[in-house]
Amino acid sequence: MIKDINELDRQIEKLKTYTSRELGKREKLDEQLNLYLKDYSYINSQIELLEKVVILFQKTSEFARNQAKSQIENLVTKCLQFIFESNVKFTIELEDLRNKANAEFYVVDETEHLQIKTKPELSRGGGVVDIISLALRIAFLQIHKPSIQGPLILDEPAKHVSQEFINNVGEFLKQTSEMFNRQIIMITHDNYLASLSDRSYKVNLIDTVSIVKQIEE
2 MIKDINELDR QIEKLKTYTS RELGKREKLD EQLNLYLKDY SYINSQIELL EKVVILFQKT
62 SEFARNQAKS QIENLVTKCL QFIFESNVKF TIELEDLRNK ANAEFYVVDE TEHLQIKTKP
122 ELSRGGGVVD IISLALRIAF LQIHKPSIQG PLILDEPAKH VSQEFINNVG EFLKQTSEMF
182 NRQIIMITHD NYLASLSDRS YKVNLIDTVS IVKQIEE
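Under my numbering, the residues of the sequence shown are numbered 2 to 218, in order.
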């Protein structure tokens, strides 16, 4: 009988030891679980933060893009209206194609009862394309960040513009130079535009040799 009681005591002690060991394991598992839950919560909070940052960047990018679009449209429109003395407007339509922004340019002629939207190359011939190209160069140069220093270099900026409007082109270039405090270096065959410069040179090609001569005012 005593032997049975001693054996029972030993079994009870073993069971206590086993139970204590298992409780210790459980406590460690509970600690690990709490750590995992904290990590999980932290990771989720970081994911939410990153998602908000992505949305912020998208909104900021969209705002900056729309702001640049508006600035370019206004400058080109003013240029077209000044030179052609009409109610023509320049518009940019943006769309995302396969995660890449695409821009389409249009010229809008407005009358009292009618609005006509066309591509620049189909509007009033090449003169409009020349002026839009000129205005876009100036716009991109002025809104670029960081700012681009140095002169504006133009090659036949009004090659297809009718002589009816060439005086306006010259006045626009003068005002642009003064407004943005930027030197303009221009290659042109138009005598009127050449006469507006502070300094001009005539280049003649003689037997494959370019002869440069300054034109006196």
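For every residue, glycine included, the Cβ atom is placed at its ideal position computed from N, Cα and C.
Fair warning: this is a prediction, and the values are worked out from it, not measured in the lab.
Check, Outcome
"For leucine 197, three-class secondary structure by DSSP", "coil"
"Whole-angstrom distance between phenylalanine 181 and lysine 70, CA atom to CA atom", "19 Å"
"Beta-carbon proximity of glycine 128 to serine 163, cut-off 8 Å", "yes"
"Alpha helix (DSSP H) segment containing glutamate 148, residue limits", "The question names glutamate, but residue 148 is serine in the sequence shown. Segment: none, serine 148 is in no alpha helix (DSSP H) and carries neither H nor E."
"For aspartate 191, the three-state DSSP class (helix, strand or coil)", "coil"
"Leucine 194 classed as buried or exposed, judged by whether at least 16 other C-beta atoms fall within 10 angstroms", "buried"
"Cα-Cα separation between proline 152 and glutamine 143, rounded to whole angstroms", "12 Å"
"Minimum C-alpha distance to phenylalanine 141 - residue among Ser211, Tyr107, Arg66", "Arg66"
"Phenylalanine 91 versus Lys53, Ile84, Thr78, Gln82, residue with shortest Cα-Cα distance", "Thr78"
"Cα-Cα separation between glutamate 52 and serine 46, rounded to whole angstroms", "10 Å"
"Contact under 8 Å by Cβ, tyrosine 202 with isoleucine 212", "no"
"C-beta atoms of isoleucine 73 and phenylalanine 166 nearer than 8 Å", "no"
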